[in-house]
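In mature numbering (1 follows the signal peptide of the UniProt record, and there is no 0), the protein residues as written are -23 to -1, 1 to 99.
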């Protein structure tokens, strides 16, 4: 029993000693730039709300199709991950557009994540 208690105490000490400082390293690490282009997306540049809604719905529908496809769900390529991100971002952008508000952040993410999805599909 004493041996088991010592092993447990040693394991706990190793876990505590080995984990100090790592959380801060993850937070302070370099931020990944997911979009290849920096700046404003083509969606943001479109001032016609009707056309913009149509384009966002198109990107969202394509993303939903990929996210629901077993071909991409079971693939080793991250197209499914980017499709899931794109469908959420495009859905949020569309929600804003329904109130005639053009949210640049969600539009940029919608286009960016969709582009990444397509990149990993090819």
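No residue lacks a Cβ here, since even glycine has one placed at the ideal position from N, Cα and C.
Check: If you check the beta carbons only, do residue 79 and residue 73 fall under 8 Å apart?
Finding: Here residue 79 refers to the residue found at position 102 when the chain shown is read from its first residue. Here residue 73 refers to the residue found at position 96 when the chain shown is read from its first residue. Yes, the Cβ-Cβ distance between residue 79 and residue 73 is below 8 Å.
Check: With 16 other CB atoms within 10 Å as the buried threshold, where does residue 48 fall?
Finding: If you number the chain shown from 1, residue 48 lands on position 71. Under this definition residue 48 is an exposed residue.
Next item on the list: Count the other CB atoms, across all protein chains shown, that sit within 10 Å of the CB of residue 77; report buried if there are 16 or more and exposed otherwise.
Entry: On the chain shown, position 100 is the one that residue 77 refers to. Under this definition residue 77 is an exposed residue.
Checklist line | Residue interval of the alpha helix (DSSP H) (run including residue 73) | finding: Counting from 1 along the chain shown, the entry for residue 73 is found at position 96. Counting along the chain, the alpha helix (DSSP H) containing residue 73 begins and ends at 56 to 75.
Notebook entry, point to check: Can you tell me whether residue 75 is buried or exposed, with buried defined as 16 or more other CB within 10 angstroms of its CB?
Noted result: Within the chain shown, the letter at position 98 stands for residue 75. Classification for residue 75: exposed.
Check: Considering only the beta carbon of each residue, do residue 33 and residue 87 sit closer than 8 Å?
Finding: For this step, residue 33 is matched to residue 56 along the chain shown. For this step, residue 87 is matched to residue 110 along the chain shown. Closer than 8 Å, so yes.
Check: If you drop the 5 nearest sequence neighbours on each side, which residues of the same chain put their C-beta closer than 6 Å to that of residue 12?
Finding: Sequence index remark: in the chain shown, residue 12 carries index 35 (1-based). Only 89 meet the Cβ criterion.
Next item on the list: Could you tell me the boundaries of the alpha helix (DSSP H) in which residue 35 lies?
Entry: Within the chain shown, residue 35 is the residue found at index 58, counting from 1. Membership of residue 35 in the alpha helix (DSSP H) is indicated by the continuous run 26 to 44.
Check: Is it true that the CB of residue 37 sits closer than 8 Å to the CB of residue 60?
Finding: Start at 1 with the first residue of the chain shown, and residue 60 comes out as number 83. Start at 1 with the first residue of the chain shown, and residue 37 comes out as number 60. No, Cβ-Cβ distance for residue 60 and residue 37 is not below 8 Å.
Next item on the list: Give the DSSP-derived three-state secondary structure of residue 17 in the structure shown.
Entry: On the chain shown, residue 17 is found 40 positions in, with the first residue counted as 1. Residue state, collapsed to three classes: coil.
Check: Helix, strand or coil: which one does DSSP assign to residue 52?
Finding: Indexing the chain shown from 1 puts residue 52 at position 75. Three-state result, residue 52: coil.
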